[in-house]
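Number of protein chains: 2
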Amino acid sequence: MGREDKIISWVCRLTVITAFFLVGFIIGWFARPTSVNHGHATKSFLRDFLDEMRAENIKHHLRKFTRLPHLAGTQQNLELAERIGAEWMEFGLDSVELVPYDVLLSYPNKTSPNYISIVDHQGNEIFSTSLAEPIPEGYEDVTDIVPPYSAFSAKGQPEDELVYVNYGRTEDFFKLERELGINCTGKIVIARYGKIFRGNKVKNAMLAGAKGIVLFSDPADYCAEGVEPYPKGWNLPGGGAQRGNVLNLNGAGDPLTPGYPAKEYTYRSSLEDAVGLPRIPVHPIGYHDAVHLLQHMGGPLPPDNWKGALNVSYRLGPGFMDGFNQNKVRMNIHTNNQVTRIYNVIGWIRGAVEPDRYIILGGHRDAWVFGGIDPVSGAAVVHENVRAAGKLMKKGWRPRRTLVFASWDAEEFGLQGSTEWAEENARVLQERAVAYINADSAIEGMYTLRVDCTPSLHTLVYDITKKVSSPEEGEEGMSLYESWHKRDNWTERDAPWINKLGSGSDFEAYFIRLGIASGRARYTKNRKTERYSSYPVYHSVYETYEIVERFYDPSFRRLEAVARVRGGLIFSLADSPILPLDCTEYASSVNKYANSIHQLAMKHPAAMQQYGISFDSLFSAVENFTVAARDFHQRLDQIDTSNALDVRMVNDQLMYLERAFIDPLGLPGRPFYRHIIFAPSSHNKYAGESFPGIYDALFDIENVADPQKAWDEVKRQISIAAFTVNAAARTLKPVFG
Amino acid sequence: MGREDKIISWVCRLTVITAFFLVGFIIGWFARPTSVNHGHATKSFLRDFLDEMRAENIKHHLRKFTRLPHLAGTQQNLELAERIGAEWMEFGLDSVELVPYDVLLSYPNKTSPNYISIVDHQGNEIFSTSLAEPIPEGYEDVTDIVPPYSAFSAKGQPEDELVYVNYGRTEDFFKLERELGINCTGKIVIARYGKIFRGNKVKNAMLAGAKGIVLFSDPADYCAEGVEPYPKGWNLPGGGAQRGNVLNLNGAGDPLTPGYPAKEYTYRSSLEDAVGLPRIPVHPIGYHDAVHLLQHMGGPLPPDNWKGALNVSYRLGPGFMDGFNQNKVRMNIHTNNQVTRIYNVIGWIRGAVEPDRYIILGGHRDAWVFGGIDPVSGAAVVHENVRAAGKLMKKGWRPRRTLVFASWDAEEFGLQGSTEWAEENARVLQERAVAYINADSAIEGMYTLRVDCTPSLHTLVYDITKKVSSPEEGEEGMSLYESWHKRDNWTERDAPWINKLGSGSDFEAYFIRLGIASGRARYTKNRKTERYSSYPVYHSVYETYEIVERFYDPSFRRLEAVARVRGGLIFSLADSPILPLDCTEYASSVNKYANSIHQLAMKHPAAMQQYGISFDSLFSAVENFTVAARDFHQRLDQIDTSNALDVRMVNDQLMYLERAFIDPLGLPGRPFYRHIIFAPSSHNKYAGESFPGIYDALFDIENVADPQKAWDEVKRQISIAAFTVNAAARTLKPVFG
């Protein structure tokens, strides 16, 4: 080979080598991933997670957690907390802690029982209500069953004529005072349970000047037709009565430490300055006892629609019936308020990619007695959710975001455990919480699913329920979504009906105070045909394991379906790279609410004109929000999901959307209700009101003393609503400029 | 070559080629960056940025912006806004917008001037104060110079004896009422300017029952020794007077729309319900006029330390001097409140990496007259900051985070432009704002640097001032840090002194309401030897371009140094991958404040014992915070800065630390002052108070009617402070569990 050939040959070799080097370099360059690989295929794990939750396990958890009463503040409930915490650790959570608070609770005086009596003109008690409910079979040896009482009732022994106030609603008192001309001042009133939260009944009675209030369960409200009383069926027996707190906390949590967690060092106000305590005695009775009191009433006949189902001639009072008109009713109430230690159980699974983003699943553990439905049907489901998550972790899964599981204490005493934890962690939650899913009672009926949630969760709820099977017999192969859809369709759209969030459970502080997207799901009755209130044995001793096992869900497949819905929600929220929140659903809901509050105002066209009331600014804000939401989701479709920071930025916008509806100044007179779109109704804590500021300003406006001032307040509330919706729109716009 | 040889040869070649391929692959793999390359070497650009800001440009901007008056709400000030906006676009900002609000302003009645007169027993005005200041040379042809007035004064013509109340401080009124036995009820009071914010003087006068208040500038407070009055020197001439608003807004912004931006659709309260308006007439006068009023006073001699520098025999009044005792003082005030449109100029530079993180540089543009010092010395510096940033962008730089530049309107009327913008953008700012640097007057003295900032900015301030040269003659080669250090050392540590933030400028809503880390820097006098208040010509017509050019900063190097400090702060905050905020400095400041408030309480050892007051919970919280801050920074040192999400997470913790001190419930009676560590003093808006809740609860506690209640409030405030510091500690802990 010549020299030139050699050179050529070497050049060739070099070229080939260089070429291969370059090819290698280029392949190496592009082969290397530039964003974090999350290392798990979300979809298959979601399926695994859903399938992991099983009816038989939930049955087992329910059985285990309902053997003994576990009232808030008792040793039993602490022991249950410890047991749950220990099992969560065994299931595989990264950490579990018991978080104590010292809050104001309320218990009957053990030596001086509460009761109501009828006293004759000589002061003799000629009748007294029962001191306890008949104990259900199998539980005869259980001690520490707290008798029916109204927690936080004032002490006292008022004695007077009785006035029947129907459900004790605002409109009932209006009717009594304005139409029937009956004054409750200085009287004892008797109201039937149902329709609204009992605390609102007590507040209304106080406002009407009553000096005591008796609450009773009328069969019209607590018995389903054709159903036997427990234990033969699931109706409330005549000796059963509904326990419950009668506070008007408006979201304050512990009445002595509003706004701050009830830690050891926390300042406590005096009982006089406490938030929401009733100033009058309150006591609940069953319908067997109620008959006796009602029989002794005088006065005119009540309106037809006020008559319950009891077989006595209802009268309104005051003025006892002929022959009895020397008799009076006496309340004997000795309930004590006391600062008591409670315990939340908080469990954590650290997020693999964004540990500083939290998805919370929380439900309470404390029960009035056994809590067969409330709360253990929910707590058993949480337990199964935790178990399934732990099982997945053992298979190598870890969620993208952090999962927080909470077993709240003292929910029954005013959502105290959950509210105190929210107060203690407010800053961190405000910055880091993506969503809160509530896990109170998982079943209250046998008909279909019920979901109450923030509008941005609608789409996810539908997606998840499509992945869960119907638990109903004869619906094999049908999805829960289809089953639910055919049973309960929205009136204005072709999709299963979803309710607004009200209150009365532990999501309150998270949603309405802190502005964290929230939702709840449970199995429910047919809301169109079953007209009784709640479920019949609600808060009675008859809420046992057996009532679920025999009547509500013998196969435990309904609870399994609820577990899969709740579990699927937290799984998707924790694991989807882009948060599964839908702003356009929020926009369409807000639009609906704006139209509806406008309709309400338009019932006063003359005043609207006279005082220059316009909803234009609100409608224009809704339009801005609608456009911003639509544009946001369009941009979201274009996003480069391999850019970790870009994903984080849009997720932050999604997460903080709910926060945008929070007004730090709160609603008038309700500083801890700060959500401008949703609040518990001022007349019924259980119900959600949309645009509550405007609604309350309009309420009964035709009867106010100073209409100018009242309509000015309407104007102000419209302006606040318009600003807030505009502000929310602003959070969805491109982050710059 | 044999067959085997050929095979061997090919194997060799293949091996070599494969080896080169692999080497290429490996090099390619590792050569590719796995995190975003920000594409700029931060350090060199910081140097470029600092060097880009130049004295001669600032001089030019100052000259340009001080030719005409630009009072808030006037056409001139709108034109200035448009001009500034246009120049910012030319400088290279990504976008600039004018943001209008309709807020309550206050102007003198042009046809009915304000003045104070002495009237004799027949009602004749025997003396009247001047209606305007003598116009400085060169400005004789300028129209629209607003005469000295107290903005938002009530209208009225009260007439009575005069009572001298010294500075009108709380302690001055205490002394009058408690020691000197002089009652101000129904009198007109006269107070000298200085020591505290004028709005507090007016509030104190109202609380004392006065029916009017005259404010005057005493040479003791507004003339430096050995300095000539303007134009020969920089002292206040005898005909000069201090304009200024006399509101007590406590952070509300527009008095008619507290909590919400004053947009067209916003509900406005009535004037009766407006926030912070004085209910009595108020008027400012110069010392030439003041002499006449003071000469006519009777009553006892004032305490020695109440005597100003005027060459008249001060008396306290009431009771006019012998021979004059039929004379009275009459105020003639016709100032009008009116809703007026104002304009903020907002400019943006989009962040390259984290566009949803904002660093704000804001200062006001509106001036009482020419604004030579207040605010244009500051606005000229902002202009130079913007110009320099634009210049760098043309060189290819773009900050990691978004920069926001603001030229606020109506600061002089109660920080209104800045507060309304904060209200409108509250949600977005709360979630995205990293820091706010204020840019009011850049010079108020000729001695050294003055910095007021949140503790977490201390370290950055020191770092930046080390990179800036001293502007002082004879200090060539010395850093600003060294120059400042030798002139004004901290008493308790070896570093230049940094002050707490008070209020009285536009950072208020950002820092004290929203909890955004804030700071301000300016050139100042020697605070230890120069005892006059503010700077002598403050808010007079004599605040001209010339006073800066002739006396305060002839070389404009002091303003240049301030520009570099402010610019360096925003540059570092916007561009450093890890936010340059120091939590341990915060911890050590909080520790200092806790000790100091404890010392204050310990002045009442008997009461502390009697009412069971303990600071243990606060000290324990401070300890938790200190440990959390130290641990946080230790973890920060270990962080993998190539992981974009990990960096974002720690930066979020740093950013949100200041937010953690915000209590949504606000301070007692001051709902828009929500920072638990810092608030403007309740007795002097200009001064910052640490642990203001506890401080106010302790204030004058030895004289309260109900000590039990008062000490209970101290307890409550300690508990709130302890909770808040604990909550802040919690935000610095590892984000999980």
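In the order they appear, the protein sequences are chains A and B.
If you're matching positions, the first sequence starts at 1 in the UniProt record's numbering and goes up one per residue.
If you're matching positions, the second sequence starts at 1 in the UniProt record's numbering and goes up one per residue.
Yeah, the Cβ is synthetic: ideal placement off N, Cα and C, and Gly gets one too.
Remember, predicted model here, so these are calculated numbers, not experimental data.
May I have the straight-line CA-CA distance separating residue i from residue j, to the nearest angstrom?
i	j	result
E52 (chain B)	R566 (chain B)	13 Å
S483 (chain A)	E475 (chain A)	8 Å
E125 (chain A)	Y343 (chain A)	42 Å
A262 (chain B)	A86 (chain B)	25 Å
P69 (chain B)	R83 (chain B)	15 Å
F197 (chain A)	F511 (chain A)	19 Å
T185 (chain A)	A205 (chain A)	9 Å
K603 (chain B)	W711 (chain B)	13 Å
N336 (chain A)	Y101 (chain A)	19 Å
K328 (chain B)	A208 (chain B)	20 Å
R674 (chain B)	P668 (chain B)	9 Å
Closer than 7 Å by C-beta to residue i: which residues in its own chain qualify, once you throw out the five before and the five after it? Chain order, please.
i	result
A728 (chain A)	F625, L657, A660 and F661
E354 (chain B)	R400 and R401
G92 (chain A)	G390, M393 and K394
Y260 (chain B)	T266 and E423
T584 (chain A)	A629, R630 and H633
G194 (chain B)	Y167, D221 and S533
So what's residue i in DSSP terms, helix, strand or just coil?
i	result
A561 (chain A)	helix
P284 (chain B)	strand
A594 (chain A)	helix
R401 (chain B)	strand
I516 (chain B)	coil
S407 (chain B)	strand
W711 (chain B)	helix
T454 (chain B)	coil
E140 (chain A)	coil
N624 (chain A)	helix
H675 (chain B)	strand
N726 (chain B)	helix
E159 (chain B)	strand
H60 (chain A)	helix
K391 (chain B)	helix
For residue i, I'd like the list of residues in its chain whose CB is within less than 6 Å of its CB, leaving aside the five on either flank, ordered along the chain.
i	result
T129 (chain A)	Y115, I116, I285 and D289
D356 (chain A)	R432
S505 (chain A)	N438 and D440
I360 (chain A)	V404 and Y436
L256 (chain B)	L104, R268, S269 and A274
Y358 (chain A)	T402, V404, R432 and A433
Would you say residue i and residue j are within 9 Å of each other, going by their C-beta atoms?
i	j	result
S690 (chain A)	Y593 (chain A)	yes
H283 (chain B)	G212 (chain B)	yes
V376 (chain B)	L62 (chain B)	yes
Assuming residue i and residue j make a contact with CB atoms under 8 Å, what is their CB distance in whole Å?
i	j	result
G378 (chain A)	A442 (chain A)	5 Å
E508 (chain B)	I58 (chain B)	The Cβ separation is near 26 Å, so there is no contact.
L46 (chain A)	S572 (chain A)	7 Å
Taking 8 Å as the cut-off, is the beta-carbon of residue i closer than that to any non-hydrogen atom of the ligand MG?
i	result
D120 (chain B)	Within the structure as shown, the ligand MG is missing, as the structure has no ligands at all.
Could one say the Cβ of residue i lies closer than 9 Å to chain C's Cβ atoms, at least one of them?
i	result
D356 (chain B)	Among the protein chains of the structure shown, namely A and B, there is no chain C.
Closer than 8 Å by C-beta to residue i: which residues in its own chain qualify, once you throw out the five before and the five after it? Chain order, please.
i	result
I653 (chain A)	The question names Ile, but residue 653 (chain A) in the sequence shown is Gln. F632, T731, L732 and V735.
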